[in-house]
Structure formats: structure tokens, C-alpha cells
Amino acid sequence: MKLHPAKLLFLQILVAVAVLAIWQVGATVPIGGDYLLPEFFFSKPGDVLSRVVELFVTGTIWKHLWITLTETVLAFVIGSVGGVVIGFWFARKPVVAAVFDPYVKMVNALPRVVLAPIFMLWLGLGIWSKVALGVTLVFFIVFFNVYQGVKEVSPVVLANARMMGMNERQLFRNVYWPSAMSWMFSSLHTAVGFALVGAVVGEYLGSSAGLGYLIHQAEGVFDVTGVFAGMFILAAFVLVIDWFVTRVENRLLVWRPQAASEQN
Amino acid sequence: MNAAAAASIAPASHDAPPAVALDDIAISFAVKGRPVFKAVAPTSLHVSEGEFVAIVGPTGCGKSTLLNATAGLLAPAGGTVSIFGEPLVGLNARAGYLFQQDALMPWKTALDNVAIALEIGGMGRSQAHAQAQDWLKRVGLARFTERYPHELSGGQRKRVALAQMLIRQPKILLMDEPFGPLDAQTRQIMGTLLLRLWAQDRKAVLFVTHDLEEAIALSDRVVIMSAGPEARIIGDYPIDLARPRDAAEIRLDPRFHELHRMIWNQLKTEVAKTYGDDMDGVEASS
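As given, the protein sequences belong to chains U and V, one line each in that order.
For the first sequence, the working numbering begins at 902 and goes up steadily by one.
For the second sequence, the working numbering begins at 2 and goes up steadily by one.
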């Protein structure tokens, strides 16, 4: 069953209006002498909105957004490059992969947040400790996908390419690389998301700028309005990045059936 | 094995060495913890230059492994593979291979898939593209050059694969049930297209199929393999139908029926053997 687009949009807006209304009523209208959503803990939709506007109007938010964006991009790029290189290396050299296998599993099993204090000791409170945290998250996603992509190249496509006369270098360029990239891009959303998680969590645990810092600061002084405003901006920021990733993905993966059907 | 068939397996007396000479080829597979599986018993088969040979046999009889040994994708357990008189080392660079499954690179357009076959040989991009364009036209896909494989039908993908194989001008064409996954009508159209392209410069062809009608319609010689394991060649029939042929219309020819009846009489006992274990007493029929 498919909804009419206009009707769908109407229902989607209805959900937002309902949530905001419950929030507003809960915070301002006492029921039996008690507030359902005390303003001290939950703030009010109007206050949050005016705080968001204020942050943009005064321009203080841009610096924080820029820092978080820089950390995210750096974490994504460094983690991806590392994942691609190591992924290829392991996939083409099974002995190396076998030797390192238990250590890869061990490091990947570790909740990455516990590394944050160490990175702060090593790299200071600047952006690099946050980048390092993001890298440890992004690296493994990209690594596993590239490894899989190289391993799962269709044997028929490979045999056909060999019969065509491709040497190792040409096989890499025309077969292994595109296959690995298709797997990597299929995890692009996850990888970018994790880069951002690394940045924000790192900022939250100790920094002097960024969205995570902003939220942490507000929380430190019981400024719930500030926390919600920061969360709202963070969510919007993720949506913008996600939209951008989708566009990149559609461009790069035109040859894939799924990508094509999404465009229709 | 009947004596007449065995005699005709021997190469025709030619001065030039045969394009493909498989002598006493045996193929076996080692599976851990089990006795070695002997897929093909020592078998000989020669294909002359310009000859179209079809190998027919029941499913799982090792037809494809014979083809892979000729391509150099599989090392035989015994015997020798000679290509134009020279023993085959590594991959067979003089052969083109048309696979049963989709073998196109899904991330390249039809045009790029065909052009890459020339580009890896060192040809410039624009020249390779011009030739690829021409080949796609020859297989009837002039309007589909910019499509990706998933945007093409199964038959169209086979046409691209055909152009990809032929553009390198290989001396030997190896085909492993290439039209197997296609519907009956498309198979006949593809068969006619293949014959038309082949007639232009008559390469040596080794065409594996389980469809006897297709084999007779296309080839100069039909070779019958017995049911595996230890499959071997048990029959070798020259097909004296006139060329050029239309792969669909030739099936109405009385001579076609004669040949079909004669070969089927032998093949059906082999087909029955394949299913003998679980279908005892079932009579194979055409």
C-alpha cells in the first residue's frame, strides 16, 4: 500500500505537531497541581527554538559546527584510507590475514569509548584526539567491507577477465578495486555516521569546541534548553551530511540495480 | 564404445596441427577426506582449424571441465593439451571463453565491457571504443552501448559477452553452455547470430551444451560424452547439414531429424544412467 505524497507529508507533520503539543502542554499546563514535564528538566519547545535561532544569529554555532565537521571528515578520510589499504593487503595475502586475525577481532571487540581517555593523553584536547577516536570506528567498518569485497569477487567475472588477458595490475584496477569500492560505498552511511559519533563523543568527554562540547557545557550548568538546542542542531547536521552522502553514492554507484531503482 | 565412433575421434589427416588437441586427458578432483573423484577418464579430442565441434552429454559428465582444461583454467591430472601443436602452458592466450553465467563487469557499461578487452592489450581508449561500438552494432546492440549490465536483458548481456570475446579475434572459441540460461526462442536467435559471426572468419569452436538439438543445429561435429564419473567420449558424429544455416529453421530439415534420431538413440542410454540411481527403470524419451 502506498500513500499519496501530500497525505504522507501531512501525516509526518502531524506527528511533529502532536509531539510538540504534548511537550508544550506538559511543560506549561499543570495537571492536578503538577507539571507532567517540568520545565526545569524538559524545557519548552518555544525556548529551544529561540535558542537555536539565537545560536545561528549570533554566529557562535558556526565555529562549533566547523570543528565537528573537520573532525568528522578527517576521521572518515583517514579511517577509510587505512581500511582500504589494510583490507586489500589482508584479502590478497591470506597468511597475513590469518596471523593478524585474533588481534583484529580483539581490537574490534573493544568498546571504542574506553580509548578516548588514552587518545586525550596522547594527542591532547584538540581535534586530533577526536579524529583518532573516529578513525578507530571508521577503520573497521571500511576494513571489513573492503576485505569482503575483494574476497567475494565473482569467480566467473574473474575467470573471464583472466581469459581476456588481464595481468595482476589490470585485474586490480578493473575487477578487485571496483568490487571492493562497491562494498565500501554500501557502508558509506554507517562509516560517516560513526566518524561523527567518534567526533561528538570525543568532544563530549573533553574539549574546548564542537557540538559535543556545546551540549556538555549546557548540561554542566543544568541548561536543558541548551542541551535540547544542541541535540536539535546535531540531528539536523547529521541529516545534511546524510543527504550529501546519498548524493555521492548515487553518482558513484550508477551501475548498481538498487541505486537505479531508488532514483526512479 | 562402438568401434566406428572411436575411429572417427582420431584427427583428420591435415598438414597443419589441430587448433586444439586433447590427448589422453584425465581430470580428477581431490576432495578432503574422500577418495579422489575421477571426473573424466583419459579421453582424446581434436578440433581442426575452422571446425565447430559441439560436446553433448548428460548433466555433470565433465563437459565443462574439458573446456576449462583447454582454456588453461584447470590443470588436467594426466594427458596433454596442445594448441596449434604447442603444449599449453598457463592460460590459453589464443582462446576466447564464453561463460554460462554472467561474466560481464557489472560496474562497466556495455561499451566499456567490450572496449576493455582491447584496452588491456595496450590499445588507446578512443580506438578501442570505436571498435567496441562497431562490435556492439554487429551483435545488434548499437542503441544499448551506455547501458550497465543490470539494465540489459539476459539475451542482451550474452550479446555483449559475445562481442567482448570476439573483439580480441581469438583463434579458438570456447563456449560453456553459453545460451543455457536463456529462453528457447532467444537461444535460437543467439544461435543464428553466433553462426553468422562465426561464418565471417571460421575460428575453431568447442561448444559445450546439454541440448542435442542446439548442438546439431550449430556444429560440424557432435561429440557425445558418457555419464560421469570417469566420463569419456563415446560417440563422434559429423553433421553434414549445409551452411549457412539458420539455427531455428534448420530444425525443420528432414536430415536434421535423421541425425537427431541417430544420436539420441545413443545419448538416451547415457541420460538414463545419470538418473539411474534414483529413477530405476524410467525410460528416457525425446
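All residues carry an ideal CB built from backbone N, CA and C; glycine is no exception.
Are the stretch 1000-1018 of chain U and the stretch 1095-1104 of chain U touching by the rule of at least three beta carbon pairs closer than 8 Å? Counting Cβ pairs under 8 Å, three or more are found: they touch.
Close-in-space but distant-in-sequence residues of the same chain around U:Thr971 (CB under 7 Å, 5 per side omitted): Your numbering for residue 971 of chain U matches position 70 in the first sequence. Ile1028, listed in sequence order.
List the residues of chain U that V:Gly63 touches, going by C-beta distances under 8 Å, in chain order. Against the second sequence, residue 63 of chain V aligns to sequence position 62. Close to V:Gly63, with beta-carbon spacing below 8 Å, lies no residue of chain U; the smallest spacing is near 18 Å.
DSSP beta-bridge partners of V:Arg222: Taking the second sequence and counting its residues from 1, one reaches residue 222 of chain V at position 221. Checking the DSSP bridge columns, you'll see V:Arg222 partnered with V:Val54 and V:Pro239.
So V:Met176 is in the beta strand (DSSP E); what residue range does that whole segment cover? By 1-based counting over the second sequence, the position of residue 176 of chain V is 175. Membership of V:Met176 in the beta strand (DSSP E) is indicated by the continuous run Ile173 to Asp177.
Determine the extent of the alpha helix (DSSP H) in which V:Thr66 is found, giving its start and end residues. The residue labelled residue 66 of chain V in the question sits at position 65 within the second sequence. Per DSSP, the unbroken alpha helix (DSSP H) holding V:Thr66 starts and ends at Lys64 to Ala72.
Residue interval of the beta strand (DSSP E) (run including V:Phe208): Within the second sequence, residue 208 of chain V is the residue found at index 207, counting from 1. Run containing V:Phe208: Ala205 to Thr210, per the beta strand (DSSP E) assignment.
In this structure, how does DSSP classify V:His47 when only helix, strand and coil are distinguished? Translated into positions along the second sequence, residue 47 of chain V becomes position 46. Looking at V:His47 - three-state DSSP - the assignment turns out to be strand.
Residue burial classification, U:Glu1069 (beta-carbon count within 10 angstroms, cutoff 16): As a position in the first sequence, residue 1069 of chain U is number 168, starting the count at 1. The C-beta of U:Glu1069 has fewer than 16 other C-beta atoms within 10 Å across all chains shown, which makes the residue exposed.
Decide if V:Met263 is buried, meaning its Cβ has at least 16 other Cβ atoms within 10 Å, or exposed. Translated into positions along the second sequence, residue 263 of chain V becomes position 262. So V:Met263 ends up on the exposed side.
Does any CB atom of chain U fall closer than 8 Å to the CB of V:Phe145? Taking the second sequence and counting its residues from 1, the one referred to as residue 145 of chain V is at position 144. With its beta carbon at least 8 Å from every one in chain U, V:Phe145 lies outside the interface.
At the 8 Å Cβ level, is U:Arg1063 part of the contact set with chain V, yes or no? In the first sequence, counting from the first residue as 1, residue 1063 of chain U sits at position 162. Judged by the 8 Å Cβ criterion, U:Arg1063 is in contact with chain V.
Would you call V:Ser127 buried or exposed, if buried means 16 or more other Cβ atoms sit within 10 Å of its Cβ? Here residue 127 of chain V is taken as the residue at index 126 of the second sequence, counted from 1. Label assigned to V:Ser127: exposed.
Give the range of the beta strand (DSSP E) segment to which V:Leu99 is assigned. Position 98 of the second sequence, counting from 1, holds the residue named residue 99 of chain V. Judged by DSSP secondary structure, V:Leu99 falls within the beta strand (DSSP E) whose first and last residues are Ala96 to Leu99.
Mind listing the chain U neighbours of V:Gly97? Cutoff is C-beta to C-beta under 9 Å, in chain order. Numbered from 1 along the second sequence, position 96 holds the residue referred to as residue 97 of chain V. What V:Gly97 touches in chain U: Met1064 and Met1065.
May I have the straight-line CA-CA distance separating U:Glu1168 from U:Lys964, to the nearest angstrom? Examination of residue 1168 of chain U is not possible in this model, given that chain U is present from 902 through 1165 alone.
Would V:Gln132 and V:Ile168 qualify as a contact pair, given that the criterion is a beta-carbon distance under 8 Å? Counted from its first residue, the second sequence places residue 132 of chain V at position 131. Counted from its first residue, the second sequence places residue 168 of chain V at position 167. In contact: V:Gln132 and V:Ile168 (Cβ atoms closer than 8 Å).
Mind checking who V:Lys39 pairs with in its DSSP beta bridge? Taking the second sequence and counting its residues from 1, one reaches residue 39 of chain V at position 38. Among the bridge pairs identified by DSSP, V:Lys39 is matched with V:Ser29.
I'd like the list of long-range same chain contacts for V:Ala27, defined as Cβ closer than 8 Å, with 5 residues on each side in sequence excluded. Within the second sequence, numbered from 1, the residue matching residue 27 of chain V stands at position 26. Only Lys39, Val41, Ala42, Pro43, Thr44, Pro77, Ala78, Gly79 and Gly80 meet the Cβ criterion.
8 Å contact criterion, which V:Pro179 and V:Leu99 should meet: CB distance rounded: Counting from 1 along the second sequence, the entry for residue 179 of chain V is found at position 178. Counting from 1 along the second sequence, the entry for residue 99 of chain V is found at position 98. Between V:Leu99 and V:Pro179 the Cβ distance is about 4 Å, and since that is below 8 Å, they are a contact.
Around the Cβ of V:Gln189, are there at least 16 other Cβ atoms within 10 angstroms (buried) or fewer (exposed)? As a first step, residue 189 of chain V is located in the second sequence; it is residue number 188 there, counting from the start. Around the beta-carbon of V:Gln189, 16 or more other beta-carbon atoms lie within 10 Å, marking it buried.
Against chain A, does V:Pro107 count as a neighbour if the rule is that its beta carbon must be under 8 Å from one of theirs? Considering every chain present, this structure includes no chain A. Its protein chains are U and V.
Interface residues of the stretch 1079-1110 of chain U facing chain V [CB-CB below 9 Å]: Answer set for the stretch 1079-1110 of chain U: Pro1079, Ser1080, Met1082 and Ser1083.
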